[in-house]
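When you line the sequence shown up against UniProt numbering, it's residues 1 to 675, in that order. All C-beta atoms, glycine included, are put in the ideal place defined by N, C-alpha and C.
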Amino acid sequence: MESAVVRTMKFTCIGKGHGAPCTPATKEDWEALRKQPWLAQMCARIEKGEEELKHRLPVWTPHCAEFKDNHRAIADAVRPLNRLMLDFDEKGHTEDIMSTLKIKHETLKSCGIDVLLIEESVRRGTHVLVELPDGMTPEEAQELMKEATGFAPDAAVKDVSRCIYMVPEDHTKYVNPKLFAVNQVDRLLDSGLRPNHEHVPIDLPRLEFKGIPYSSIIAEWWRRNGGEPAEGERNVKLHKLAVNLRAICDNKKEVLMQVMPRFGLTDTELKSVVDSACKEEPKGVSKVMQGILDSLEFRDDSGEFTTAIDESADGSAEANSKLYTLHSKLPIGLKESLVGVPVSMHMPVLCGIMPIAAAYADQVTVEYCDGNTHRLGLMSIIRGEQASNKSVVKNAVDIWKRQLDEEDALSRKREEEWKERKKGRKANEKAPEDPHVLIRVVPVTVSCSTLLKRFKNAQGHTIFSFGEELDTLRKTNGAGSWSSKYDIYRLAFDNGEWGQDYNSDAAESGVVNVAYNWTLLGTNGALRKCFKADNVENGLSSRVLVAEMPDASFSKMPKFKKRSAEDEARIQQAVSRLRSFSGLVDTPRLRKAIEAWVEEKRVEAAKDIDHVKDTYRKRAAVIGFRCGVIYYMLETHPQPLPVRDGSGQTQVKELSTPLPHREGKGESRNCIKFA
Numbered sequence: 001m002e003s004a005v006v007r008t009m010k011f012t013c014i015g016k017g018h019g020a021p022c023t024p025a026t027k028e029d030w031e032a033l034r035k036q037p038w039l040a041q042m043c044a045r046i047e048k049g050e051e052e053l054k055h056r057l058p059v060w061t062p063h064c065a066e067f068k069d070n071h072r073a074i075a076d077a078v079r080p081l082n083r084l085m086l087d088f089d090e091k092g093h094t095e096d097i098m099s100t101l102k103i104k105h106e107t108l109k110s111c112g113i114d115v116l117l118i119e120e121s122v123r124r125g126t127h128v129l130v131e132l133p134d135g136m137t138p139e140e141a142q143e144l145m146k147e148a149t150g151f152a153p154d155a156a157v158k159d160v161s162r163c164i165y166m167v168p169e170d171h172t173k174y175v176n177p178k179l180f181a182v183n184q185v186d187r188l189l190d191s192g193l194r195p196n197h198e199h200v201p202i203d204l205p206r207l208e209f210k211g212i213p214y215s216s217i218i219a220e221w222w223r224r225n226g227g228e229p230a231e232g233e234r235n236v237k238l239h240k241l242a243v244n245l246r247a248i249c250d251n252k253k254e255v256l257m258q259v260m261p262r263f264g265l266t267d268t269e270l271k272s273v274v275d276s277a278c279k280e281e282p283k284g285v286s287k288v289m290q291g292i293l294d295s296l297e298f299r300d301d302s303g304e305f306t307t308a309i310d311e312s313a314d315g316s317a318e319a320n321s322k323l324y325t326l327h328s329k330l331p332i333g334l335k336e337s338l339v340g341v342p343v344s345m346h347m348p349v350l351c352g353i354m355p356i357a358a359a360y361a362d363q364v365t366v367e368y369c370d371g372n373t374h375r376l377g378l379m380s381i382i383r384g385e386q387a388s389n390k391s392v393v394k395n396a397v398d399i400w401k402r403q404l405d406e407e408d409a410l411s412r413k414r415e416e417e418w419k420e421r422k423k424g425r426k427a428n429e430k431a432p433e434d435p436h437v438l439i440r441v442v443p444v445t446v447s448c449s450t451l452l453k454r455f456k457n458a459q460g461h462t463i464f465s466f467g468e469e470l471d472t473l474r475k476t477n478g479a480g481s482w483s484s485k486y487d488i489y490r491l492a493f494d495n496g497e498w499g500q501d502y503n504s505d506a507a508e509s510g511v512v513n514v515a516y517n518w519t520l521l522g523t524n525g526a527l528r529k530c531f532k533a534d535n536v537e538n539g540l541s542s543r544v545l546v547a548e549m550p551d552a553s554f555s556k557m558p559k560f561k562k563r564s565a566e567d568e569a570r571i572q573q574a575v576s577r578l579r580s581f582s583g584l585v586d587t588p589r590l591r592k593a594i595e596a597w598v599e600e601k602r603v604e605a606a607k608d609i610d611h612v613k614d615t616y617r618k619r620a621a622v623i624g625f626r627c628g629v630i631y632y633m634l635e636t637h638p639q640p641l642p643v644r645d646g647s648g649q650t651q652v653k654e655l656s657t658p659l660p661h662r663e664g665k666g667e668s669r670n671c672i673k674f675a
């Protein structure tokens, strides 16, 4: 009888992909899927390098047995489990970890940790699922498991909606029958608390303000206000939260009693806090609360920070949750560029605008970690499948290049007038003098001859191109022209010298230093056609900043919001700030951070004898450094203090004065931390 109950008990949810609906599943469903031959074949192909298949793998949720409407999101978790999946990224150590856990079994048992599952991941890392005792946080469990195994699990504490890729049954090393029994869920639900000690009432997601769950609002409040209260500050922080929530609860105490987290308070104690907060009528929604509502209202339909990409296989959820945390700390221009953009698309948008931002700061030089002086040359490719919303990048870039477009419009008008006068002159009339106009935005399909002309007339400025279709660029360049473009792009990274000489006056001749930044959008197929086996090692691929749009398979339509006139004005202010800088910008703390990062990657590459990582880490660090310089200039005082060094060159020193629009403290004001 007991086995029959377990067989029909729904202990997890399974989806056809990490963006697909996740339906409750039983032990039989789970085991049957892992026995499918096609799953084993797909995992084998992924292991051999066919990474594009990864997002087609089915997923299952180790932390939740049911979601409302099968929608995998924190706000829709109906039956959360008090479990934690630990992800050990190091390959080939599953047997070692399993042997160690057998030895340490009694020690873990004494701590209340019960191992439920040990399996190899798709890439031969290790997944260990454990049951947590009441009172133990995921962070504490991770630390205990690190001590027990000798290996560090993924440091990110995953939420209740986390999913992992399904693997074939031969990847399974150990299964505890308790994996399929979720009796303790009923006890958790009866207690009115979520597992993992979030202290959020279980019915909270069903209470909403303008479609936004109060649970999401409260979670974001803690993120923006120093985290959940520690011992000794509980009542003060809860009172402040209640004061801000009352404005969106119609000042109703009964609603606040339902939505407020308790953190151990009794109903009487919480009622005292709520009564104190509601003594006076609210004067409106506070600025902080309005900012939270604005940020949550226009996220993707999941309502979560990372739902669109939340899975353990590639760590992208951690990266995007970190990016969301940094969003409020981004400087002028970058922050406004992300207004109305789903969090999962923040990184592609930021990568897309970096080249145009660097093009505006073309009078700046920087000293890199190795002592060499650089200019801010950047090229980015935003890749994604068809209909993956790449246009969100174009919308941001269009605002950023508005000043260049307006200036170029006047220059192109002058050039057209000159051409008309030249064409309409009489046979014996002297040709009008070439105005040598400065045009900085050129199409990506520009000919090499015209591009050389633009370089010659650039007056020391950087030329910029934006292309909506990478495949169009590839098709419009013949073999010879494409090869030349490759040379130009490679040289542009370090402001190298390029030129051509022709006998004919019809073609442009000359030698120039290439200052050329660009952003291109394209599909994965177009990217593969541009970088084939015969040219992928020619140096261009390592010079390009590549960002991937989130996988939109089976996902709901994302919601976008138009930027306000104020947002666009602040972007133009950021542009003006970048254009105001000149000379050497010195960033010693950024250099130190990049140097530490590139050394860390060197050690990783040496450990794995990974020559590809060793090659790409070097220019990845250069690209990251240049992006960091842009970040620094945007958050620095708009009128940096020029200082003449011994050589007579102007140098801009780092300033410690914070800007009015910035929040937060710490010495990392001009230093980006790289994951």
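Per DSSP, Phe-455 has no beta-bridge partner at all. Residue pairing from DSSP places Pro-80 in a beta bridge opposite Cys-64. C-alpha of Leu-451 to C-alpha of Trp-222: approximately 52 Å in a straight line. Beta bridge pairing from DSSP links Asn-517 with Phe-464. Per DSSP, Leu-132 is not a residue of any beta strand (DSSP E), being assigned neither H nor E.
Secondary structure note for Glu-119: its beta strand (DSSP E) is the uninterrupted segment 114-120. Here Ile-382 is bridged, per DSSP, to Leu-521, Ala-547. Bridge pairing for Phe-11: absent [DSSP].
Taking 3 residues as the shortest admissible run, the stretch 551-618 contains the following complete beta strand (DSSP E) segments, listed from N- to C-terminal end: 583-585. The Cβ-Cβ distance between Cys-43 and Pro-168 falls below 9 Å.
Contact fails between the stretch 604-614 and the stretch 331-341, because fewer than three Cβ pairs, one in each stretch, are under 8 Å apart. Closest by C-alpha distance to Pro-138, out of Thr-472, Pro-58, Gly-112, is Gly-112. Only exposed fits Phe-554, as fewer than 16 other CB atoms lie within 10 angstroms of its CB. Burial check for Gly-17: the Cβ neighbour count within 10 Å reaches 16 or more, so the residue is buried.
In this structure Leu-410 is exposed. Its beta-carbon is surrounded by fewer than 16 other beta-carbon atoms within 10 angstroms.
A distance below 6 Å between beta-carbons, with the five flanking residues on each side excluded, links Glu-120 to the following residues of its chain, in chain order: Thr-94, His-171.
The beta-carbon distance between Leu-81 and Cys-64, rounded to whole angstroms, is 6 Å. This is short enough to meet the 8 Å contact definition.
In the DSSP assignment, Glu-169 falls outside any alpha helix (DSSP H) and carries neither an H nor an E.
In its chain, beyond the 5 residues on either side, Leu-452, Gly-499, Gln-500, Asp-501, Tyr-502 have a beta carbon closer than 8 Å to the beta carbon of Ser-509.
Boundaries of the beta strand (DSSP E) harbouring Gln-500: 497-500, taken from the DSSP string.
Assigned with DSSP and collapsed to three states, Pro-282 falls in coil, not helix or strand. Burial is judged here by how many other beta carbons sit within 10 angstroms of a residue's own beta carbon; Ile-14 has at least 16 and is buried. Between Arg-123 and Val-366, the CB-CB gap reaches or exceeds 9 Å. By the CB criterion at 9 Å, Ala-141 and Thr-100 fall outside the cutoff. Sixteen is the threshold: when 16 or more other Cβ atoms of the shown chains lie within 10 Å of the Cβ of Arg-440, as they do, the residue is buried. Leaving aside the five residues that flank Gly-333 on each side, the residues in its chain whose CB is nearer than 6 Å to its CB run, in chain order, Ile-571, Ala-574, Leu-634.
Take Phe-180, set aside five residues on each side of it, and the residues of its chain with a beta-carbon closer than 7 Å to its own are Val-6, Met-9, Phe-11, Lys-27, in chain order. By the criterion of a C-beta distance shorter than 7 Å, Ile-381 is surrounded in its chain by Leu-470, Leu-520, Gly-522, Leu-527, Val-544, Val-546, once the five residues flanking it on both sides are discounted.
In this structure Arg-34 is buried. Its beta-carbon is surrounded by 16 or more other beta-carbon atoms within 10 angstroms.
Around the beta carbon of Trp-38, a 10 Å sphere encloses fewer than 16 other beta carbons of the protein chains shown; the residue is thus reported as exposed. The secondary-structure analysis by DSSP pairs Gly-510 across a beta bridge with Gln-500.
Each of Met-379, Glu-281, Arg-619 was checked against the Cα of Tyr-516, and the nearest Cα belongs to Met-379. Judged by beta-carbon spacing, Cys-448 lies within the 9 Å limit of Ser-484, meaning their Cβ atoms are closer than that value. Counting only the Cα atoms, Lys-592 lies some 19 Å from Thr-636. Taking 8 Å as the upper bound for CB-CB distance, Arg-79 and Glu-66 are in contact here, some 4 Å apart. In the displayed model, Thr-445 falls within coil according to three-state DSSP, outside both helix and strand.
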